[in-house]
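Residues are numbered in my numbering as their position in the sequence shown, beginning at 1, plus a constant of 205. For every residue, glycine included, the Cβ atom is placed at its ideal position computed from N, Cα and C. Predicted, not measured: the structure shown is a model, and the values here were computed from it.
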Amino acid sequence: MIRTRFAPSPNGLLHLGHAYAAIVAHDLARAADGAADGEFLLRIEDIDAARSRPELAEAMIEDLQWLGLGWDGPVVWQSSRLDSYGAAADRLRAMGLLYPCNCTRAQIAAAATAHGPDGLIYPGTCRGRDIDPAGAAWRLDMARAVEIAGPLVWEDELAGPRVATPEIFGDIVLLRKEAPASYHLAATLDDAADGITLVTRGADLFAASHVHRLLQALLDLPVPRWHHHGLIVEGDGRKLAKRRGSPSLADMRGDGVDGRALADDLRHALLPAGLSLIRGIGCAQ
Ligand code: GLU
């Protein structure tokens, strides 16, 4: 049986790009007419206490109902899973794979020389140093992790089989100073805990799956398949963003737009003027 999820972070209102992501996850689990027998879960990724707002999560739930996308079981709140993130970090620490880091952004910017999919590659300043872990972030010793895990492959339904290359990220943060876990750690653990068999998300997160595959190997987690779907972009090729004036789904709901009809239009890539859907990993980083 196939089980997918839509996993928004409640730090902004959803827009058409999110609606498309939710529709892909929903429809791959069950046909649009409700005929297929897969499951579609809704997980709210609300562990960033500084940015998450409960009223945005409520708006997301209303948006999905308005689009006609029903989910199975109760909504999963990532904030209820903090213990599992801590336990996984303890395990990685015991394997000698995490080290504390107290570098500031400015220090990293001054010392870094290369870019990875998430921005500057950490230059390894704190690796091997005696850093007070209080208030520090915890980074993955990528070279050691890759060596322990050995060669790994993963499968994207659209792009085909891939050799995992998590080393392109360098020593990523797994536990952040200001949040209990990074996206990479929390999403990987939660997809396993939720029994997700097909991870769907936008092609802009294609590279993240290299890291998630590595974490699955290190933590003995089941390995799902992936489906990185196309992105809705503006005329200049940029992703939709509220700050650039893309209307939110909540705005459209308030304006009396028919959500189910909108969802059907998105299924057929019928988009408002000025927007287009780019498919495949051509739009991936
Ligand atoms: N919370 C992440 C986001 O909104 C989820 C990405 C994913 O589906 O893995 O971008």
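Where residue i falls, given that 16 or more other Cβ within 10 Å makes a residue buried
i: L218; result: buried
i: C488; result: Confidence is the limiting factor: at C488 the pLDDT is only 46, short of 50, which leaves the residue's position unreliable and the question unanswerable from this model.
i: I401; result: buried
i: G355; result: exposed
i: E244; result: buried
i: H473; result: exposed
i: D232; result: buried
i: G464; result: buried
Through-space distance from residue j to residue i, alpha-carbon basis
i: P338; j: A397; result: 28 angstroms
i: Y224; j: G321; result: One detail in the question is off: residue 224 reads as Ala in this sequence, not Tyr. In a straight line, the C-alpha of A224 is about 28 angstroms away from that of G321.
i: D469; j: L445; result: 19 angstroms
i: A230; j: E360; result: 17 angstroms
i: I326; j: R334; result: 18 angstroms
i: D242; j: A212; result: 20 angstroms
i: G440; j: R310; result: 32 angstroms
i: L317; j: A255; result: Inspection of the sequence shows that residue 317 is occupied by Ala rather than by Leu. Roughly 27 angstroms separates the two Cα atoms.
i: F426; j: A293; result: The question names Phe, but residue 426 in the sequence shown is Leu. L426 and A293: Cα-Cα distance of roughly 11 angstroms.
i: P215; j: W282; result: 11 angstroms
i: I207; j: R448; result: 35 angstroms
i: I252; j: S284; result: 5 angstroms
i: R271; j: G340; result: What sits at residue 271 in the sequence shown is Trp, not Arg. Each residue's Cα considered, the two are about 42 angstroms apart.
Sheet register partners of residue i (DSSP bridge)
i: R406; result: H433
i: E439; result: L480
i: Y304; result: R344
i: P366; result: E360
Point to revise | Segment contact, 8 angstroms Cβ cut-off, at least three pairs: the region 286-293 with the region 473-480 | key: no
Check your understanding: Is the region 422-429 touching the region 345-363, taking contact as three or more C-beta pairs under 8 angstroms?
Key -> yes
Review point. Using 8 angstroms as the threshold, is the region 405-417 in touch with the region 370-382, meaning 3 or more CB pairs across them?
Key: yes
Review point. Are the region 398-413 and the region 430-441 in contact at 8 angstroms, needing three or more beta carbon pairs?
Key: yes
Check your understanding: Would you say the region 294-304 touches the region 251-266, given that touching needs at least three Cβ pairs under 8 angstroms?
Key -> no
Review point. What beta strand (DSSP E) runs, 3 residues minimum, are completely inside the region 213-284?
Key: 244-249
Review point. Quick check: the region 382-394 against the region 443-457, are there 3 or more CB pairs under 8 angstroms?
Key: no
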